[in-house]
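The sequence shown begins at 419 in the working numbering and counts up by one.
Glycine included, every Cβ here is placed at the ideal spot set by N, Cα and C.
Here the structure is a predicted model, which means the values were calculated and not measured.
One structure is given below, encoded as structure tokens.
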Amino acid sequence: MTEKDTDSSPETGSDAAISRRDVLIVTGASIASAGIGGHGANAASSVANIEAPTAQSAKVRLSVNGVSHLLEIDNRQSILDVLRERLQLTGTKKGCNQGACGACTVHLDGKRVNSCLTLAVMHDGAAITTIEGLKQGDTLHPLQAAFVEHEGFQCGYCTSGQIMSGLACITEEHAQSVDDIRFWMSGNICRCGAYPGICAAVRATAQDA
Ligand code: FES
Ligand code: FES
419 MTEKDTDSSP ETGSDAAISR RDVLIVTGAS IASAGIGGHG ANAASSVANI
469 EAPTAQSAKV RLSVNGVSHL LEIDNRQSIL DVLRERLQLT GTKKGCNQGA
519 CGACTVHLDG KRVNSCLTLA VMHDGAAITT IEGLKQGDTL HPLQAAFVEH
569 EGFQCGYCTS GQIMSGLACI TEEHAQSVDD IRFWMSGNIC RCGAYPGICA
619 AVRATAQDA
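Dropping the structure here:
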């Protein structure tokens, strides 16, 4: 194809025909003036005109495993980040950080939640229970002991979330059968595939409760 071919518009053949080069020039100018594309001077000035969000903080009181904490926290912090980064309670794990894996499950005012999706600032005065709050002294909680007995874990990364979710299942009476447990714990993912042991541990603890 020659330079002439590229610039002409054989489909129309009229004097008013718009060449493909004209279209590209006009389109390029529009994109540049709109600041789209991210690399040009126009894009840079557009970004400069957007005000960066102002970080704001608030005082929040949280009772965690029975211990009261008054914390100045960034409004954007999740309960997961407050637990791990402010209170050094790292038993609660960050897997996906977007509500898809259940590794961050804790109990908030008695109900299980994905702590990665829960803003701490919205729960002033709340009571939180994490995996660290389950055992009594040196004695494991019965569900923790059942996980050991039934080999409900391999790498252990999902385990704290599985136990907190399993415990909630028992309280909710959603542990009447293995199928029941599988359904009500479907938000807790185990990449090691330790599901048979997890279900057996939850079922056994439910039966003993
Ligand atoms: S880390 Fe919260 S659901 Fe995965
Ligand atoms: S034990 Fe490894 S992810 Fe569940």
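Counting only the Cα atoms, Leu526 lies some 14 Å from Val500. Within the same chain, and ignoring the five residues on either side of Asp626 in sequence, the residues whose Cβ sits closer than 8 Å to its Cβ are Pro560.
Rounded to the nearest whole angstrom, the C-alpha separation of His541 and Ser475 is 14 Å. DSSP, read as helix, strand or coil, puts Leu526 in strand.
Note that the C-beta distance between Ser583 and Met603 is below 7 Å. In the displayed model, Arg479 falls within a strand according to three-state DSSP. As the crow flies, the alpha-carbon of Cys573 is around 16 Å from that of Ile549. Across the structure, Tyr575 and Lys477 are spaced so that their CA atoms are roughly 31 Å apart. In this structure Gly570 is buried. Its beta-carbon is surrounded by 16 or more other beta-carbon atoms within 10 angstroms. Counting only beta-carbon distances shorter than 5 Å to the non-hydrogen atoms of ligand 2, the qualifying residues in chain order are Phe571, Gln572, Cys573, Tyr575, Cys576, Cys608, Arg609, Cys610 and Ala612. DSSP places Ile607 in the coil class of the three-state scheme, outside both helix and strand.
Per DSSP, Leu585 is one residue of the alpha helix (DSSP H) stretching across Thr577 to Thr589.
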